[in-house]
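Worksheet: the structure to be examined is printed underneath.
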Amino acid sequence: MQMEALEKFRQETRAWLEENCPPSMRTPMPEEETVWGGRNAKFVNPDAKVWLDRMASRGWTAPTWPKEYGGGGLTKEENLVLQQELRRIKARPALSSFGIWMLGPALLEFANEEQKKEHLPKIVRGEIRWCQGYSEPGAGSDLAGLQTKCEDKGDHYLVNGQKIWTSYADKADWIFCLVRTDTTRKHDGISFLLFDMMSPGVEARPITMISGASPFCETFFTDVKVPKGNLVGELNKGWTIAKRLLQHEREMISGMGLGGVGAGGGIGSLEQVAKEYFGEENGKIASPSLRDHITRQKMDSKAFALTMQRSAEEAKAGQGPGAASSIFKYYGTELNKRRYELLLELMGTKALGWEGEGFTDGEINVTRSWLRSKGNSIEGGTSEVQLNVVSKRVLGLPD
Amino acid sequence: MALVLTEEQQLLRDTATQFFQERLPIANLRKLRDTNDATGFDREAWKEMADLGFAGIMISEKYGGTDFGPVGLGLVLEQAGRTLAASPLLSTVLLCGSAVQLAGNATQRQDILSAIAAGERVMALALEEGAHHNPTRIATKAVADGSSYRITGSKTFVLDGHVADQLIVVARTSGEENDRSGITLFLVDPKAEGVKITRTLMVDSRNAANIEFHNVAVPSSAVLGSVDGGNDVLEQVLDIARIGLSAEMLGLVQQTFDVTLAYLKERKQFGKVIGSFQALQHRMAVLFAEIELCRSVVLDGLSALEERRNDVPQIASITKARLSEISTLMTNEGLQMHGGMGMTDQFDVGLYMKRARVAAASFGDANFHRERYATLEGY
Ligand SMILES: Cc1cc2nc3c(=O)[nH]c(=O)nc-3n(C[C@H](O)[C@H](O)[C@H](O)COP(=O)(O)OP(=O)(O)OC[C@H]3O[C@@H](n4cnc5c(N)ncnc54)[C@H](O)[C@@H]3O)c2cc1C
Ligand SMILES: Cc1cc2nc3c(=O)[nH]c(=O)nc-3n(C[C@H](O)[C@H](O)[C@H](O)COP(=O)(O)OP(=O)(O)OC[C@H]3O[C@@H](n4cnc5c(N)ncnc54)[C@H](O)[C@@H]3O)c2cc1C
């Protein structure tokens, strides 16, 4: 019975996508055409707007969120079908969004009704773009050491301090921000605050990354007034929310190990790249050493994918997320970095161009993505911090 | 992936855990080693394993088996790996039982499978001829002689070869030394004239033998499967063995990890337990991750066999390559983290390391399987 309903859902979904996904949205997406939404949303390709609006109208930009907040109201199984059908037609993501990946799930769990009604539908429709105000110059891995001050001024909060590495702070409309509301306690003195980046006293200065892009910023707050209703959860109880949100962030970043996201901008599989850039002899990649490196990478990727699948199945069977999930952020990002190093070896000097003549867009994309991939094992908690978490929480090793 | 165990499988796992912990703990292997036991495994325990249904786990009920399938077998092997239990599971059940199941005619099946399931026959596969696994480089020849064949050649690393009641010999009936075709499997009586068996003592204290065949006469009824078509069967049998052995290795790896983790929480230096040092913590966390991946590939390999998927060869190579590498890494790290204790014969870590190396070399090490995988995938 359930299988039948699911099959019916698949047929309907397939038909709807067939009708509603514009053909140009079924082609590989260049990085600069990523749709982030927001007040100043840019649609390099006009079809992207059509695609976003149609998906949002069904709540399918956030398929599993409840319908009352604009989500798709789908079960996990239905969402799986939707994702399969989207992959089948190679559909581009209609919306990329910190709101969907990180903030939304946390709001669903911790926000009050008013906050959910206010923020979630706008996230679903891509109307408001969010950034994450966690890290500070003095608080990176030791995030709970953050110092951005937030004072209760009676009818409002007053925020002063500095964040750093705030991705897209210069383009985002709102920020979810960790602030210090009690200086006498470390973890229990942190609160989770939402505010508008247009508020007076907010300034974001872009920082250029090694890849040449400037996605992250130094973000300064000088006497920023924030309405009291923008506090999520209780005062000084923000650390619990912050940690949960980090879990969602890490899950999202882990997926990179599968070589899906930005896996070299449609450059092809490792063995195709090798054959093209290195050549083949009797159907085999001409360098036995490269061939072996590729095999190691493919085998480890497969083993990692199976582990994510196993973990998902365990969760579904009600056995909890399981210890395996604690390794995903570490393993997935390290695997992704290795993949780019291997692409560099396969492509030689063709993957070492910076810009201009002599290189295809795909080749330049590999160079830039290789550089960007280095951040994977830093952002969202470094690899070392992940290993600390595994050894302490999972293995029970003492300090 | 068949991940969530059925009630029947859970019961099987619990039975196996208890059996190996109580009946065949690692002390059993030490005793066999230290007394130079002639058999190399505990025959009574093997009979008990048969009574519990382990010997007939891949064999249908028609022949007295329990027919639990590959996932069930994997559960038993993992527990056997934890205690380094010596038994003919690999030689008799995984290799020879599978070969007969896949290629045997009605008479052969009836005769052999029911004897295996009852724990009454130990069998061995005489395959390897050199220092490295190579299932196609077969120089041993079987020449037709009227209605029978004459086998000549020498085999090495034949698991349980010196105690087998019956051998399956991989011989060449046509073609050149490295040809895929022209290979035939024969059922051979180890007591036949011209068979010379020499036990070889391996570092893991488990059974192996060199076997020479001098013009050994076998009737044509002893052909298992088709003449010249043995490679197809052999590859399937080997993939079953590769995945099954990987399940055993998973148990070995997990046990070494558990023992090492416990040691790290107990051994004190510099006034605190050594498990508090980050240099060791991070290595344990990485090992934990690698072992989680090991578990996933083993489970997927077993499911692939159970579901008769067509990517069995690929997943078998992924699984055996990974378990070969990680069992080497884990046992090396486990030994190192035990300090001087790790170097002693009294501590078990060394035994796990020795078994890990022999298992890694069986049916293809990581190098063999990466090479094979690339070829299967067409690059
Ligand atoms: C591309 C990118 C995007 C980002 N986007 C955002 C964003 O949108 N919002 C935001 O708030 N932050 C963002 N960050 C910041 C990120 O979360 C921090 O960089 C990260 O938490 C590490 O902090 P840090 O840079 O201060 O490094 P540090 O904490 O100074 O670490 C330096 C080195 O020391 C190691 N180390 C630190 N503590 C330990 C320990 N206890 N044991 C062992 N080793 C340790 C680290 O692993 C690292 O190798 C982003 C970072 C990058 C690279
Ligand atoms: C073959 C052999 C011959 C020997 N001959 C002699 C001899 O002739 N005379 C003699 O006096 N001794 C001898 N030794 C002993 C040797 O010096 C010690 O084994 C060695 O110093 C380690 O001490 P341990 O065995 O107590 O290990 P432990 O100190 O208990 O170490 C266990 C593990 O913890 C790690 N560890 C310990 N402290 C730290 C830390 N602070 N940070 C990170 N990791 C840590 C170690 O690296 C090791 O991996 C010999 C040892 C061997 C193996």
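If you read the protein sequences in the order shown, they are chains U and D.
Residue numbers for the first sequence follow my numbering, so the first one is 471 and each next one is one higher.
Residue numbers for the second sequence follow my numbering, so the first one is 4 and each next one is one higher.
The beta carbon of each residue, even a glycine, is placed where N, CA and C say it ideally should be.
Computed from a prediction, not measured in an experiment: that's the story for all the values here.
By the CB criterion at 7 Å, D/Val206 and D/Lys357 fall inside the cutoff. Residues are counted here when their Cβ sits less than 9 Å from a Cβ of chain D; for the stretch 759-778 of chain U these are Arg761, Asp762, Ile764, Thr765, Arg766, Lys768, Met769, Asp770, Lys772, Ala773, Phe774, Ala775, Leu776, Thr777, Met778, given in chain order. As the crow flies, the alpha-carbon of U/Glu621 is around 40 Å from that of U/Pro563. Sixteen is the threshold: when 16 or more other Cβ atoms of the shown chains lie within 10 Å of the Cβ of U/His763, as they do, the residue is buried. Every residue with a CB closer than 7 Å to a heavy atom of ligand 2 is listed here in chain order: D/Arg270, D/Gln272, D/Phe273, D/Ile277, D/Phe280, D/Ala282, D/Leu283, D/Gln339, D/Met340, D/His341, D/Gly342, D/Gly343, D/Met344, D/Met346. At least one CB atom of chain U sits nearer than 7 Å to the CB of D/Tyr376. Contact with chain D is found for U/Glu741, since one of that chain's Cβ atoms lies less than 7 Å from the residue's Cβ.
For U/Arg714, not one C-beta of chain D is nearer than 7 Å to its own C-beta.
Per the C-alpha coordinates, the member of U/Trp535, U/Met495, U/Pro536, U/Leu544 positioned closest to U/Arg524 is U/Met495.
Judged by the Cβ position, D/Glu131 fails to qualify as a neighbour of ligand 1 at the 6 Å threshold, every heavy atom of the ligand being at least this far.
Under a criterion of Cβ atoms nearer than 7 Å, the residues of chain D adjacent to U/Ala794 are, in order, Glu295. With a threshold of 16 other beta carbon atoms within 10 Å, U/Gly818 falls short and is exposed. Per the coordinates, the alpha-carbon of D/Arg202 lies some 15 Å from the alpha-carbon of D/Asp168. Comparing alpha-carbon positions, the option among D/Asn234, D/Ile321, D/His165 lying closest to D/Ala369 turns out to be D/Ile321. For U/Leu857, the CB contacts under 8 Å within the same chain, skipping 5 residues up- and downstream, are Tyr800 in chain order. Residue pairing by DSSP places U/Trp635 in no beta bridge whatsoever. Not one heavy atom of ligand 1 falls within 6 Å of the beta-carbon of U/Glu548. Against chain D, the CB of U/Val860 has a partner CB under 7 Å away; the residue lies at that interface. Only those residues of the stretch 132-159 of chain D whose C-beta falls short of 7 Å from the nearest C-beta of chain U would be listed, and there are none. Under DSSP, D/Ala145 forms a beta bridge with D/Ile154.
In this structure, U/Tyr604 has its CB closer than 6 Å to one or more heavy atoms of ligand 1. At a cut-off of 6 Å, the beta-carbon of U/Glu833 does not count as near ligand 1: no heavy atom of the ligand is closer than that.
From the listed residues D/Leu8, D/Ala118, D/Asn31, the smallest Cα separation to D/Gly77 is found for D/Leu8.
DSSP places D/Gln349 outside both helix and strand once states are collapsed to three, so it counts as coil.
By the Cβ-count criterion, D/Ser229 is exposed, with fewer than 16 other Cβ atoms from all chains shown falling within 10 Å of its own Cβ.
For U/Tyr810, same chain residues with a beta-carbon under 6 Å away, outside a window of 5 residues either side, are Trp840, Ser843 in chain order. Between the stretch 130-141 of chain D and the stretch 349-367 of chain D there are three or more C-beta pairs closer than 8 Å, enough to call the two in contact. In the DSSP secondary-structure assignment, U/Lys619 is bridged to U/Asn630, U/Arg650.
Contact between D/Thr95 and D/Val125 holds: CB atoms are separated by about 5 Å, below the 8 Å threshold. A Cβ-Cβ contact shorter than 7 Å links D/Phe57 with D/Val79.
Contact check for D/Asp242 against D/Ala362 fails: the beta carbons are separated by 7 Å or more. The way I'd put it, the stretch 822-833 of chain U doesn't touch the stretch 578-592 of chain U; fewer than three beta-carbon pairs between them come closer than 8 Å. If you draw a straight line from the Cα of D/Leu97 to the Cα of D/Glu251, it comes to about 12 Å. In the structure shown, U/Lys695 falls within a strand segment according to DSSP collapsed to helix, strand and coil.
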